[in-house]
Amino acid sequence: MTHITVPLEELEEAARDLDNVLSLLETGTGQLDLEQMLGNAPDVMGAARTFDRRWSDGRKQLIGEGKKIRDKIREATQAFVDTDNHLAEALDQDKK
């Protein structure tokens, strides 16, 4: 008989860890006071604002994609559990 081992605990841990990362990305940091940090340098300020705007867009995309991955991990974990339960029930029925 072939034995298949699915690391359910590791999958659940990965989903929890991803939740922690997503939480950090969602809360982020407050608005940065770029002028106070960088002084009155127009070129540097323009580049910093562009980066901040792009990072904000990228962060939103990372959060969306991360949630999809987390949800798929949870779906896969549940599918493995359900399959294992159904197979166990089938084996129990065969024994009767």
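For the sequence shown, the working numbering puts the final residue at 96, and the numbers step up evenly by one. Don't be surprised by glycine CBs; every beta carbon is placed ideally from N, CA and C.
Counting contacts by CB-CB distance shorter than 8 Å, is residue i in contact with chain D?
i	result
E10	Within the model displayed, chain D is absent; a lone protein chain is all it includes.
Can you tell me the Cβ-Cβ gap for residue i and residue j, rounded? I've got them flagged as a contact below 8 Å.
i	j	result
L11	A76	7 Å
I63	E13	Actually they are not in contact, since the Cβ atoms of I63 and E13 sit about 20 Å apart, beyond 8 Å.
L18	R70	5 Å
Measuring alpha carbon to alpha carbon, tell me which residue in the options is nearest residue i.
i	options	result
K72	H86, L87, R16, A90	R16
Q78	M37, H3, E9	E9
H3	D92, D57, D94, L87	L87
K67	G46, D92, L24	L24
P7	M37, E89, M45, F80	F80
Give me, in chain order, the residues of the same chain whose beta-carbon lies closer than 7 Å to that of residue i; leave out the 5 immediate sequence neighbours on both sides.
i	result
R74	A15
Measuring from the CB of residue i, is there a heavy atom of the ligand COA at a distance below 7 Å?
i	result
A47	With respect to small molecules bound, the structure shown includes none, and the ligand COA cannot be examined in it.
Q | Entirely enclosed alpha helix (DSSP H) segments - the region 13 to 56, minimum 4 residues | A | 34 to 38
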